[in-house]
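Okay, so the sequence shown: first residue is 2 according to the numbering used here, each after it adds one.
Ideal placement from N, C-alpha and C gives every residue a C-beta, glycine not left out.
Heads up: the structure comes next, in C-alpha cells.
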Amino acid sequence: MEIIICPSEAEVGLVGAAKVAQIAARVGPEVVIGVATGSSPLSTYQALADRVEAGRLDLSKASAFALDEYVGLTHDHPLSYHDTIRRTVTEPLKMSPERVHVPDGSLTDLASAGQRYEEQIVAAGGVDIQILGIGANGHVGFNEPSSSLTSRTRMKTLTAQTRADNARFFDNPDDVPRHCVTQGLGTILDARQVLLVATGSGKADAIAAIVEGPVTAMWPGSVLQLHQHATIVVDEPAAAKLTMSDYYRLVQASLPEWQKLDA
Ligand code: GLP
C-alpha cells in the first residue's frame with residue numbers, strides 16, 4: 002500500500018486527482034473509472050473538474066461505474082446515487098451520461114441486479130482505477146463489517162451506524178433506505194488500481210485499522226492490503242492514529258522523480 006499524508010483536504014483532492022489523471026494518461030481516452038459517493042471524494046472530483054476545465058484532462062470518452070445505490074429510491078430522487086453521481090461526477094467532469102453506470106436499486110428484479118452490473122463492468126474491460134471513500138466503521142462501497150472479502154455486487158442491509166451517518170441528508174432519519182446494491186469487496190479488488198481518500202478525525206480509527214490492522218471482514222477496507230496497487234490519501238486528522246506515519250512520510254520524501262505525481 003502507498004500511504005500519502007496531506008496537509009489539507011484540498012491537497013487530498015489534488016493528489017487524488019493527480020493519481021486518476023496519471024492512470025487516464027497511461028490508459029488513454031477510454032479509461033474506466035470507478036466512482037464513489039459521499040463527501041470524501043468531493044475534493045478529488047473538484048480537482049478533476051478543474052483539470053477538465055483547464056483542458057488538461059478529457060474524460061468525454063471515459064466510462065464510470067459507481068460503487069453502490071440505495072434500494073427503493075427512484076433514479077431522479079435527489080438522494081439516489083444515480084442523481085448524486087450525475088451532479089458530482091458526470092456533469093462537472095463532462096463525461097457522457099450513457100457511459101456512466103450506477104447499480105440498479107429498483108425494487109423490481111433486485112436478485113439479478115448485481116450479476117447484470119458485474120457483466121457491464123466486464124464488458125467495459127474492467128475498472129482501471131477505483132476511487133473509494135470509507136465509512137467510520139471501515140465500510141467501502143456499502144460493504145458493511147462482516148461482508149465476505151470475496152463478495153460480488155449484490156443487495157446488502159445497511160447497519161444502524163451507516164443509516165445514522167447518512168441521515169443528515171434526509172428530512173427524516175426513517176427515510177434512510179435500509180438496503181442497498183453494492184459492488185462487492187471482490188469486485189473492488191478486481192480494479193487495476195485503487196485510490197482511497199479519507200479526511201477528518203472521524204475516519205482516523207478506520208484508516209489505522211485498514212492500513213495497519215489485520216485483514217478482517219470486521220474492517221472491510223482492510224481487504225485493500227491484498228491489492229497490488231492501492232493508494233491511500235489522507236489528511237492529518239484522518240492519519241492521526243497511524244503508528245508508522247514517519248515511515249510513510251519518508252517514503253514520499255524519497256520518491257524517485259519517475260514515481261512522483263503531477264499534483
Ligand atoms: C456511504 C457510501 C460510501 C462512502 C461512505 C463515507 O455510505 N456508500 O461509498 O465511502 O458513505 O461517506 P463520507 O465520505 O461522506 O464520509
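Distance from the CA atom of H230 to the CA atom of D263, rounded to whole angstroms, is 18 Å. Around the C-beta of T158, fewer than 16 other C-beta atoms lie within 10 Å, and the residue is accordingly described as exposed. Per the C-alpha coordinates, the member of Q121, S202, G136, P98 positioned closest to P146 is G136. According to DSSP, E237 shares a beta bridge with no other residue. When C-alpha distances from S9 are compared across E237, V21, E213, the shortest belongs to E237. Below 8 Å, too few C-beta pairs join the region 28-48 and the region 212-229 to call them touching: fewer than three. Pairing G139 with L43, the inter-Cα distance amounts to about 19 Å.
Residue pairing by DSSP leaves K204 without any beta bridge partner. Cβ neighbours of K204 within its own chain (closer than 7 Å, five residues either side excluded): I135, A137, A239. In this structure, the beta-carbon distance from G115 to G185 falls below 9 Å.
Spanning the alpha carbons of A161 and P178 requires a straight line of approximately 11 Å. In the DSSP secondary-structure assignment, F66 is bridged to G35, H102.
A distance below 7 Å between beta-carbons, with the five flanking residues on each side excluded, links S97 to the following residues of its chain, in chain order: S61. In terms of Cα proximity to P174, the closest of C181, R164, T183, H180 is R164. The region 53-71 and the region 26-39 touch, with three or more beta-carbon pairs separated by less than 8 Å. Every unbroken stretch of the alpha helix (DSSP H) spanning 4 or more residues and falling wholly within the region 122-209 is given here in chain order: 161-167, 186-190.
The region 82-100 makes no contact with the region 197-211; the number of CB pairs closer than 8 Å stays below 3. Only exposed fits R117, as fewer than 16 other CB atoms lie within 10 angstroms of its CB. Taking a C-beta distance under 9 Å as the contact criterion, Q131 and V195 qualify as a contact pair. Around the beta carbon of S40, fewer than 16 other beta carbons sit within 10 angstroms, so the residue counts as exposed. Rounded to whole angstroms, K261 and S81 show a C-alpha spacing of 37 Å. If you look at E258, you'll find it isn't in any beta strand (DSSP E); DSSP assigns it neither H nor E. Rounded to whole angstroms, the Cβ separation of T154 and T183 is 7 Å, and the two are in contact under 8 Å.
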